[in-house]
Amino acid sequence: MKVTRIAYSAQLNPGKYAAVMEQARRLGRVRSEVWQRYGSINGVGAGLRDRQVRDRWLADGTHALFGVLANAWKETVRDAMADIAASLAAAKVDVRRAISRRTSDPAERQRMFTALKADQWASDPFLARQMRKHWRRGRNRTHDQIVVRADKYNTALDGRGRLWLAIPGLEPRKMVRIPLSTAVAPTGTLRLILRGGRVEIHYQVDASQMRSSQRPCGDATVGVDKGYTEALTDSDGQPHGVQLGELLTRESDRLKERNRRRAKLRSIANNAALRGDHAKAHRIKVNNLGTVKRDRQAARHRARVRTEIFTAVHQVVDKANAVIAEDLTQRFTGRKNLPKNINRRLAAWTKGVTAEALRNVSERRGSALVHVNAAYTSQTCHRCARFGRRRGDRFHCTSCGVVWQADVNAAINILHRAGDPDIALHTPHHRVKQILQDRTDRHRTRLPVQDSSPATAGRRANYPNCSAINNS
Ligand SMILES: [Zn+2]
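Letter 113 of the sequence shown, counting from 1, is numbered 119 in the working numbering, and no numbers are missing.
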């Protein structure tokens, strides 16, 4: 497994930055062309690989339109095709869910899953409709990146101990030398991202080399519930990542205040422009409405939240060799669909990071991550399984008369879902509610538990109520 490392340029002169930016802009046009031609339903029908795309472009002369070196556009085509493949895979996750909802016949499901996997959904009306719904036509939004293959760049230390990265420019054999703020040389394929006068060099390192990957995992099975105040609460009642809520609240307050001030400044600038005072309007735009500082603050905040969440997951894995959790990747397939409201946007993004951390840390440290259906886990009592009331961070069970800490109660319910014979990962919400109600009703009327139907027995044998990501 790989993890991403980022190195930064240090005091890069504006001339060089402009030169690299120009290259990134031209490569952005390459990306747009790839998306335009192959990023739609029709494009995939052709089933092209990036090598075939390159051969076609070489044959019909498309490559000559961009004014960049051969290796640069070829790598960019490969990268853009990979982006398209990722967006397609994300859409298929939604379509698989739709298939599960549509039919419970195993043969029919299997037929549709297979057709979907082989990209043969065009002939099936239901699959074609679902694909059109979930795989919206994408377009390229990346105009600030350069991908550099491992054999196309080099790094060197100068006399003062500064590390320089040399990458190909727009002319053959004319390298652009970028001073770095680190002494650790980046390795493998590089992705240069240009932001606010600075170059970020993203590259991948093998996670097994990281110290945190060597940490052994525990031996318990632990359920976790995702929170807002803390990153995770486990089924032992322990909170992890307790700073998260404060980090998010502070950031949300800061953003609201900053957006208010920027809106005011923008209206002053607009009024000045209307009066004909273009110098003033320009001054405000340049000095007060810039994006460099804003973007760096945002990046710092993201880094802090990520650290908090990853630390929390590490703490859970310290004691667990199996982590039971809700599948947090649901309804979070792309960063483009984040809501406008600041709080909800932060919450949605945090959920994505938590999902990533659970997956990443479990895999690196060799514990199993088991996804379960979390419907109603925060609304039922873990002791008597009846519905209760949740108020803030407390859960009140009217039938036991006990008040639980809401997140702990949910985490225990999630833990129990891993062994639940009736509630599978994709069992719809209303079915889950019905099952839970039937159980408490049976309890009330003292009827024996009926779970010997062949369907249930089969399901239990296959243990499909969870999807395990297990690397031993
Ligand atoms: Zn209860």
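Every residue gets a Cβ at the ideal spot worked out from N, C-alpha and C, and that includes glycine.
Considering just the uninterrupted stretch of the beta strand (DSSP E) at valine 154, what are its terminal residues? Start and end: 151-154.
Per DSSP, methionine 181 is paired with what? In DSSP, methionine 181 forms a bridge with Pro174.
Entirely enclosed beta strand (DSSP E) segments - the segment 84-160, minimum 3 residues: Taking only runs of at least 3 residues, the beta strand (DSSP E) segments lying wholly in the segment 84-160 are 151-154.
beta-carbon serine 405 near ligand 1 non-hydrogen atom, thresh 7 Å: It does: the Cβ of serine 405 is within 7 Å (strictly closer) of some heavy atom of ligand 1.
From which residue to which residue does the beta strand (DSSP E) around alanine 412 run? For alanine 412, there is no enclosing beta strand (DSSP E); the residue is part of the alpha helix (DSSP H) that begins and ends at 412-423.
Evaluate proline 427 with the Cβ neighbour count: other Cβ atoms within 10 Å of its Cβ, from every protein chain shown; 16 or more gives buried, anything less gives exposed. Exposed, since its Cβ has fewer than 16 Cβ neighbours within 10 Å.
8 Å Cβ shell around lysine 291 - same chain, five flanking residues per side excluded: The residues Ala275, in chain order, have a CB closer than 8 Å to that of lysine 291 in the same chain once the five nearest residues on each side in sequence are set aside.
Indicate the three-state DSSP secondary structure (helix, strand or coil) for valine 9 in the structure shown. In the structure shown, the three-state DSSP call for valine 9 is strand.
Taking 8 Å as the cut-off, does the segment 386-405 touch the segment 367-378 (at least 3 CB pairs, one atom from each stretch)? Judged by Cβ distances under 8 Å, the segment 367-378 makes no contact with the segment 386-405, as fewer than three pairs qualify.
Enumerate in chain order the residues of its own chain whose CB-to-CB distance from isoleucine 12 is below 6 Å, with the five nearest sequence positions on each side excluded. Annotation for isoleucine 12: Glu206, His208 place their beta carbon closer than 6 Å to its own, counting only its chain and skipping 5 residues before and after.
Residues of its chain near proline 420, where Cβ-Cβ distance is below 8 Å and the 5 sequence neighbours each way are ignored: In the sequence as displayed, the identity of residue 420 is isoleucine instead of proline. Counting only Cβ-Cβ distances below 8 Å, and skipping sequence neighbours, we find Gly229, Val230, Asp231, Ser241, Ile330, Ala331, Glu332, Val378, Ala380, Thr383.
With a 10 Å radius around its C-beta and 16 neighbouring C-beta atoms as the bar for buried, classify proline 20 as buried or exposed. By the neighbour-count rule (16 or more Cβ atoms within 10 Å), proline 20 is not buried but exposed.
Residue environment, proline 470, which counts as buried when at least 16 other CB atoms sit within 10 Å: In this prediction, proline 470 has a pLDDT of 38, which is less than 50 and means its spatial position is unreliable; what the coordinates show is noted afterwards. Classification for proline 470: exposed.
Sorry if obvious, but does the Cβ on cysteine 223 come closer than 7 Å to a heavy atom of ligand 1? Judged by the Cβ position, cysteine 223 fails to qualify as a neighbour of ligand 1 at the 7 Å threshold, every heavy atom of the ligand being at least this far.
With 16 other Cβ atoms within 10 Å as the buried cut-off, status of lysine 8: It is exposed - the Cβ of lysine 8 has fewer than 16 other Cβ atoms within 10 Å.
In chain order, what residues of the same chain have a beta carbon less than 7 Å from the beta carbon of arginine 268, not counting five sequence neighbours either side? Answer for arginine 268: Leu295, listed in chain order.
Can you tell which of Asp100, Gly425, Asp150 has its C-alpha closest to the C-alpha of alanine 134? Comparing C-alpha distances from alanine 134 to each of Asp100, Gly425, Asp150 shows the shortest one belongs to Asp100.
Of the choices Ile184, Arg103, Leu238, Ala318, whose alpha-carbon is the least far from that of leucine 18? That would be Ile184, whose Cα lies nearest to the Cα of leucine 18.
Return the first residue and the last residue of the alpha helix (DSSP H) that glutamine 321 is part of. From DSSP, the alpha helix (DSSP H) with glutamine 321 extends over 298-325.
Comparing C-alpha positions only, which one of Ser110, Ala412, Val59 sits nearest to arginine 37? With distances taken between Cα atoms, arginine 37 lies closest to Val59.
Would you say valine 323 and cysteine 223 are within 8 Å of each other, going by their C-beta atoms? A contact, by the Cβ cut-off of 8 Å.
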